[in-house]
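Enquirer:
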Amino acid sequence: MSALSARASIDTIWSWLRQVPDPEIPVISVVDLGIVRDVRWDGQDADADVVITVTPTYSGCPATEVIAASIRDRLAEEGIGHARVETRLSPAWTTDWIGPEAKEKLRGYGIAPPACAAGEHVIDISRLTRRSAMKPAPLIACPRCGSTHTQVLSPFGSTPCKSLHRCHACHETFDYFKPH
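Residues -1 to 178 (this note's numbering) are what the sequence shown spells out, left to right.
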């Protein structure tokens, strides 16, 4: 382990993590997706661990172990042999943690990014009445042609955090990253 990488700055480690792709959506990094929540050194000596805290997109995400291994591998490439990846489930991950650039990368990859903030889907059941009107669902724009003339085909897409849609303008199907 080189002395430089043993005590790499936190900013440098963040830059290395920005190169770790999400295993299910390889055009965005685990940092872009908002999965990496914290980076810190655990100790002052040369053998200190770097601790990476991650919050998976949902608690049963099958990619969690792959993400942790990819993070450790990337840091090992830089000479950091003592990397620990910790999972934090609270607060739960939200699509609000996806940055604007990452949303554009999703769109470019053919996945419609969340159309609204996750908090807009919270329903206070104490305020519902039989006659209360539900807020209309957001219009989902096709990531290929931009049309909002789309339809949900299935509430579940290629992964549980996405739904499957069809565009009536270009007749293509696409995944939509559900806000949560």
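Note that CB positions come from ideal geometry on N, CA and C, so glycine has one too.
The model shown is predicted, which means the values in this text are computed figures rather than measured ones.
Using only CA atoms, which one of Ile138, Ser27 and Ile23 lies nearest to Ser13?
Expert: For the purposes of this step, residue 13 is identified with residue 15 of the sequence shown, where counting begins at 1. Answer by Cα proximity: Ser27.
Enquirer: Just list the residues that DSSP pairs Leu15 with in beta bridges.
Expert: On the sequence shown, residue 15 is found 17 positions in, with the first residue counted as 1. According to DSSP, Leu15 bridges with nothing at all.
Enquirer: Name the residue from Thr93, Cys168 and Ile8 whose alpha carbon lies nearest to the alpha carbon of Gly108.
Expert: One-based indexing of the sequence shown puts residue 108 at position 110. It is Cys168 whose Cα lies nearest to the Cα of Gly108.
Enquirer: Whose C-alpha, out of Ile78, Thr62 and Glu75, is nearest the C-alpha of Ile33?
Expert: Stepping through the sequence shown from its first residue, residue 33 is reached at position 35. The shortest C-alpha separation from Ile33 is found at Thr62.
Enquirer: Could you check whether Glu84 and Thr51 sit closer than 7 Å to each other, using their CB atoms as the reference points?
Expert: Within the sequence shown, the letter at position 53 stands for residue 51. Within the sequence shown, the letter at position 86 stands for residue 84. Result yes, Cβ atoms of Thr51 and Glu84 sit closer than 7 Å.
Enquirer: Please name the residue or residues paired with Phe172 in a DSSP beta bridge.
Expert: Locating residue 172 in the sequence shown gives position 174, counting from the first residue. His163, per the DSSP bridge assignment.
Enquirer: Secondary structure at Glu22, three-state DSSP: helix, strand or coil?
Expert: Against the sequence shown, residue 22 aligns to sequence position 24. DSSP places Glu22 in coil when its eight states are reduced to three.
Enquirer: Considering only residues of the same chain and omitting the five flanking positions on each side of Ala139, which have a CB-CB separation below 8 Å?
Expert: Reading the sequence shown from its first residue, position 141 is the one you call residue 139. Excluding sequence neighbours, Ala139 sits near Ala110, Ala113, Ser145, Thr146 and Thr148.
Enquirer: Return the CA-CA distance between Arg129 and Pro153, expressed in angstroms with no decimal places.
Expert: Taking the sequence shown and counting its residues from 1, one reaches residue 129 at position 131. Taking the sequence shown and counting its residues from 1, one reaches residue 153 at position 155. Model confidence at Arg129 stands at a pLDDT of 46, short of 50, so the residue's coordinates are unreliable; what they give is reported in the following sentence. Roughly 26 Å separates the two Cα atoms.
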